[in-house]
Amino acid sequence: MTTVPQSGRLVKLSFAFAALAYCPIATLAGAAEPPRKASRPNVVLIIVDELGYQFVGANGGLTCRGIPIHTPNIDALAETGVRWTHAHARAMCSPTRQTLMTGKHGFRYPKPKLETIFIPKLMKRAGYTTGHVGKWMMGPLFNPSLKGYDEAAIYCGQYQFHDPQVMTFNARGYLSEFNQPTSVKRINGGDMHCATVDNVYKAEHATVLKGQFGPDVMNRWACDFITRHKENPFFLYYATKLAHIRHPKIPRVDAEPSYANSVNYVDTLVGQIIEALELAGVRDNTLILFVGDNGHKDSPADKKSIAKGQLYLPGTKGGLYEGATRVPFIANWTAGGASGVVRDELMCITDLLPTCVAAAGAELPSDDTFDGVSLLPQIRGEQGNPREWVYIDDGSHPNIVKGELSQFYDGVPKAHRRYVVGTRYKLLWDGRFYDLQTDIDETHDISLGTGSPDAETARATLQKVLDDYAEQIGPDFKDPTLVPKAEVIASTN
């Protein structure tokens, strides 16, 4: 195997899994207990769509477009766990999820194939029951059972929150009693189409749940998975579609559709997951990993919000600035982790695979290459081996509505866009070099040889990282997903 390198408690609420009635969970201050020696924990990995770092209360989030951000349950996870201040994903949702699941940078796959190992396959080898709930978005073709999931409920049809389209799986294929009968015949043939170019809003063979709200459906499934598998170690990957754009009207909530209200409802759903763990008696020995997939699509913050103390990060989803890739990351493990710790350190989305595998007491395959490093020592309160840098590459992103792949951004081929960032300095592929501590907007390029001694030392370190990766990529690298439009349409039909 190759690798590249406060306190609080939740107040319970009563809800029946069948009804899953809405009710927020409050937080109360209290004394945190030191972590106890724990056996292998359950792992619940929650990834939230378009949740930028600055839109969580624990990270200084106050408002978005004038609407208050209210995330007490997520904040409580941070208050009783470990919170990173410099966690980075990739700039778009699909590339982030592929990198998370594989523990590899985009140039290594660059589109997952059947033989590409995902986290659940490694967790199954370690004796865990594995489940996936929510968004897939790792290419138009998918088959969770072939990627290592014992169970899955996949949210299809892009961002149709009401009357959701859902496909369910078990380890042998489709749960035929819940899917269209014709879909059962397709499972043994390999990957399935999640959507088509011609009709992106109608996922092939999915079941439409009329009159239901998709986020609630997915949360019920997640809670039920926890309840049914409480007797043995489990790994649950929970990928919300909130708070992606096309913000829906939230049922039972008297509030307008907005990004802030979508984030607030995500917090409610997180609270329900936490209570499901408590009711199952497994909360203490469950490692909860909470992360965003990329920044928010809209403006990072308005002037009034900033004046009131809202944290400002420039840039949005799909770009190169901090607001595109910097995301919240929280690790909470009552029985075996530290409490009330803020780590002013770097984290890369590639780190989640080795962290999950280490928590399971397993090792990474020796015949494969991974770019992440385990964060389990830091989660336990140890010093660990903090990162000095995070490498971020871009790559193409499927634009299935147009039937093509987004090959360029600001006139630059996306396969060429890559950079290395530390907690202070940032170096881009074209030589631009910025001090993020004094120039978060990246408006003053520090020319070679003109920076302080510390800056020039950092530049040399980051340049070596870029050079090392360039050597691995090769001078003639072309992202294989950058194909003509006609070929894209053919591959998605």
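The sequence shown lines up with residues -31 to -1, 1 to 462 when you count with mature numbering (1 follows the signal peptide of the UniProt record, and there is no 0).
Positions of the beta carbon are idealized from the N, C-alpha and C atoms, including for glycine.
Cβ-based burial, residue i [other Cβ within 10 Å; buried from 16]
i	result
N112	buried
S152	Here the model assigns S152 a pLDDT of 42, short of 50, so the residue's position is not dependable, and the following value carries that caveat. Buried: at least 16 other Cβ atoms inside 10 Å.
A121	buried
G380	Reliability fails at G380, whose pLDDT of 43 lies under 50, so the model's placement of it is uncertain and the value that follows must be treated cautiously. Result: exposed.
S114	buried
P226	exposed
H413	exposed
Q129	buried
S343	buried
P41	buried
I195	buried
Q119	According to the sequence shown, residue 119 is Asp rather than Gln. So D119 counts as buried.
G50	buried
R52	buried
E244	buried
A224	exposed
D44	buried
I219	buried
T407	exposed
G158	Here G158 scores only 43 on pLDDT, less than 50, and its place in the model is too uncertain to base an answer on.
I214	exposed
Integer-rounded CB distance, given that residue j should sit under 8 Å from residue i
i	j	result
Y207	V135	Actually they are not in contact, since the Cβ atoms of Y207 and V135 sit about 15 Å apart, beyond 8 Å.
K217	Q181	For the record, residue 217 in the displayed sequence is Pro; it is not Lys. That belief does not hold up - the Cβ atoms of P217 and Q181 are roughly 12 Å apart, past 8 Å.
P184	L238	6 Å
I86	P334	7 Å
D436	K73	With a Cβ gap of about 19 Å, D436 and K73 do not count as contacting.
I242	V13	7 Å
Y388	D404	That pair is no contact at about 14 Å.
P89	T255	No, P89 and T255 are not in contact; Cβ-Cβ is about 17 Å, not under 8 Å.
E425	G418	7 Å
V251	K199	5 Å
T235	A249	Inspection of the sequence shows that residue 235 is occupied by Val rather than by Thr. So it is not a contact: roughly 21 Å between Cβ atoms.
G391	A427	6 Å
L396	Q347	Actually they do not touch by this definition, with Cβ atoms about 25 Å apart.
Spatial neighbours of residue i in its chain, beta-carbon cut-off 7 Å, leaving aside the 5 residues before and after
i	result
C33	F24, Y228 and A229
K286	E19, A60, M61, N263, G264, H265, K266 and A293
N201	T98
K47	Here the sequence assigns Ala to residue 47, which means Lys is not the residue at that position. Around A47: A27 and I299.
S8	N254
V186	P133, V135 and L178
A191	V102, L205, Y207 and I242
D399	none
V232	L20, F24, I38, T40 and A212
Cross-strand partners of residue i (DSSP beta bridge)
i	result
Y207	I15 and V102
F87	Per DSSP, none; premise fails for F87.
D404	Y394
W190	Partner(s): none; W190 has no beta bridge.
H131	F182
R312	W53
G240	G240 pairs with nothing; no bridge assigned.
G261	V17
N256	One detail in the question is off: residue 256 reads as Leu in this sequence, not Asn. L256 is bridged to V12.
I361	Y388
C325	According to DSSP, C325 bridges with nothing at all.
T32	P37
A300	V51 and L258
Close-in-space but distant-in-sequence residues of the same chain around residue i (CB under 6 Å, 5 per side omitted)
i	result
K179	D132
R66	M106 and M107
I442	F76
G261	V17, L20, V296 and P297
L322	G72, I88 and G341
R401	D414
A95	A329 and A331
residue 468	Residue 468 is absent from the model: the chain starts at -31 and stops at 462.
L93	Correcting the residue type first, residue 93 is Lys in the shown sequence and not Leu. Taken in chain order, the residues that qualify are T99 and G117.
T54	D313
T303	D253
T324	S343, L344 and L345
CB contact below 8 Å: residue i versus chain C
i	result
T98	Here chain C cannot be found, since the structure has a single protein chain.
Residues of its chain near residue i, where Cβ-Cβ distance is below 8 Å and the 5 sequence neighbours each way are ignored
i	result
F306	A quick correction: the sequence has Gly, not Phe, at residue 306. Same-chain partners within the cutoff: P4, G50, V51, L256, A300, I348, R349 and G350.
I409	Y281, L282, P283 and E291
Cβ contact check for the region 57 to 64 and the region 304 to 324: 3 or more pairs under 8 Å: yes
Contact the region 197 to 213 vs the region 88 to 106: 3+ CB pairs below 8 Å: yes
Sufficient close CB pairs (3 or more, under 8 Å) joining the region 285 to 294 to the region 304 to 315: no
The region 342 to 360 contacting the region 36 to 48, beta-carbon criterion three pairs below 8 Å: no
Meets three-Cβ-pair contact criterion under 8 Å: the region 278 to 285 and the region 319 to 328: no
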